[in-house]
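To start, the structure itself, in structure tokens.
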Amino acid sequence: MNDQTDRTGVAGETPPAPEAHGHDGHYWYHGDKAALTRRLKRIEGQIRGIQRMVDDDQYCIDILTQISASTKGLQAVALNLLEGHLAHCVAEAQTSGDPTAAEAKVKEASDAVARLLRT
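With my numbering as the guide, the letters of the sequence shown map in order to residues 4 to 122.
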């Protein structure tokens with residue numbers, strides 16, 4: 004990430020304000036961070052394996068198969084994060100009594116889905 008991208012890596016988007024964190028100062032996934040980190044490290048290993056396959060001049064279809072597996076892994080992580088965002092962040096905004104905040108969280112989730120569908 005550079006200075007012009009937020010924590011999601013999307014240029015031009017503003018990250019949520021600190022008050023967007025849960026009541027204890029952490030996002031909802033904090034309690035499940037170890038599992039999330041393990042999944043991401045597994046995906047990182049797959050990506051490194053793909054790089055080695057290219058370096059070793061492996062068969063293109065084998066490389067594409069590994070790319071597909073890595074992509075599915077990232078999609079699973081994204082879906083998990085999206086489900087949690089809806090269940091926690093959006094639901095909390097809906098019950099906050101602030102219709103503007105609720106609309107903003109729904110829009111944020113909708114935009115995230117649109118980005119995921121473009122990939």
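Each residue gets a CB set at the ideal place from its N, CA and C atoms; glycine is no exception.
Since this is a predicted model, take the numbers as computed values, not measurements.
Exposed unless 16 or more other CB atoms sit within 10 angstroms - verdict on residue i
i, result
"Ala-38", "exposed"
"Lys-108", "buried"
Residue j beta carbon less than 8 Å from that of residue i
i, j, result
"Val-80", "Leu-43", "yes"
"Ala-96", "Ala-90", "no"
"Val-116", "Leu-85", "yes"
"Gln-49", "Gly-76", "yes"
Sequence-distant residues of its chain with Cβ nearer than 7 Å to residue i (five each side left out)
i, result
"Arg-51", "none"
Cβ-heavy atom distance, residue i to the ligand COA, below 7 Å
i, result
"Leu-85", "With respect to the ligand COA, the structure shown offers nothing to examine, as it has no ligands at all."
8 Å Cβ shell around residue i - same chain, five flanking residues per side excluded
i, result
"Ile-70", "Ile-53"
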